[in-house]
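K.L.:
Residue numbers for the sequence shown, in the numbering used here: 1010 to 1246. Glycine residues also receive a C-beta, built at the ideal position from the N, C-alpha and C atoms. Note that the structure is a prediction, hence the values are computed from the model and not measured.
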Amino acid sequence: MEKIRIASFLAQCSLASRRKCEILIKEGKIKVNGTVNREFYFKIDPQSDIVEYLGKKLRIENKIVIALNKPPGFLCTLKDDFNRSTVVDLLKDFKEAKGLFPVGRLDYNSRGLLLMTNNGDFAYKMLHPKFNISKTYEIVLNNSLKAEDVKKLNNEIIIDGIKVDVRNIKISANNKKVSMTIHEGRKRIIRRIFKEIGYAVTDLQRISIGNFHIGDLMEGSYKILDEDDLKKLLMLN
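Structure (structure tokens):
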């Protein structure tokens, strides 16, 4: 088998995201054939080299990506200290993959398309800004948008000193429902955008990631994605 970079191997083993795997390498927590390795670009043979994390031998897992239509009232985490419902609870009948984790987040009260995977490399591509993966949302507001605030959405929303690139804005007849696309995933960014211009979000649904649309997937349901679906997510078609 062709040699691959150690960080990529670790991500494919579902140890963590590639960025987190690079941190583990830097911290000296990864051994290759019994020797600590701190080089990000070191290459290993997955079939013959022995790679360990804190004494545990690692191997590449079968990879899977799941699209989940998350209902409100579920946390995007693997475990909650207060025993609140998490997205993992929605996958309780799924037995085919280990190490599933959510790719990005949706707020507790938000709903819609959420990806779950055990593929660190895939998650890295979906989340890193350089891949510029778009996300489209449908938002319901507490009040009708004023004309001057529509202009702000198109031109001048600044959050934490950084302009938010808002695209494909569509507004309903009563100006209370908005559809729009962004290319980033800062925490609670949609709600913060509208708070910035004086509105509260009463309902928030993510309807697509990349070119993959949630379609008729029912709330609380999920499906395993095929190769064509993954291409749509990565905007390869």
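1) Suppose you measure from the CA of residue 1067 to the CA of residue 1061; what does that come to, to the nearest Å?
2) Should residue 1105 be labelled buried (16 or more other beta-carbon atoms within 10 Å of its own) or exposed?
3) Residue ranges of each alpha helix (DSSP H) run of no fewer than 4 residues wholly in the segment 1058–1139, ordered along the chain?
4) Can the beta-carbon of residue 1239 be found closer than 8 Å to that of residue 1076?
5) Just to confirm the assignment: which complete beta strand (DSSP E) runs, minimum length 3, are found wholly within the segment 1208–1240?
6) Going by DSSP, what residues sit across from residue 1150 in a beta bridge?
7) Does the beta-carbon distance from residue 1213 to residue 1078 come in below 8 Å?
8) If you follow the alpha helix (DSSP H) that residue 1163 is part of, which residue opens it and which one closes it?
9) By Cβ distance, which residues of its chain are closer than 7 Å to residue 1043, with the 5 residues on each side in sequence left out?
10) Give the secondary structure of residue 1197 by DSSP, where H, G and I count as helix, E and B as strand, and everything else as coil.
11) In the structure shown, what three-state DSSP assignment does residue 1168 receive?
12) When burial is assigned at 16 or more other CB atoms within 10 Å of the CB, is residue 1091 buried or exposed?
13) Which residue comes first and which comes last in the beta strand (DSSP E) that contains residue 1176?
14) At a cut of 8 Å, does the segment 1178–1186 reach the segment 1195–1206 through at least three beta carbon pairs?
15) Three-state secondary structure (DSSP) at residue 1029?
P.N.:
On the basis of the coordinates in this document:
1) Distance between the alpha carbons of residue 1067 and residue 1061 is about 6 Å.
2) With a pLDDT of 49 at residue 1105, under the threshold of 50, the modelled position of that residue is not reliable, and the figure given next carries that caveat. Exposed: under 16 other Cβ atoms inside 10 Å.
3) Counting only runs of at least 4 residues, the segment 1058–1139 fully encloses the following alpha helix (DSSP H) elements, listed from N- to C-terminal order: 1129–1136.
4) The Cβ-Cβ distance between residue 1239 and residue 1076 does not fall below 8 Å.
5) Those beta strand (DSSP E) runs which fall completely within the segment 1208–1240 and span 3+ residues are 1210–1218, 1231–1233.
6) Residue pairing from DSSP places residue 1150 in a beta bridge opposite 1210.
7) Judged by their CB atoms, residue 1213 and residue 1078 are not nearer to each other than the 8 Å cut-off.
8) Here the alpha helix (DSSP H) through residue 1163 covers 1156–1164.
9) Answer for residue 1043: no residue qualifies.
10) Three-state DSSP puts residue 1197 in coil, outside helix and strand.
11) The answer is strand: DSSP assigns residue 1168 an E or B state.
12) Under this definition residue 1091 is an exposed residue.
13) Note, residue 1176: beta strand (DSSP E), 1176–1180.
14) No, the segment 1178–1186 does not touch the segment 1195–1206.
15) Residue 1029 sits in a helix when the DSSP states are folded into three classes.
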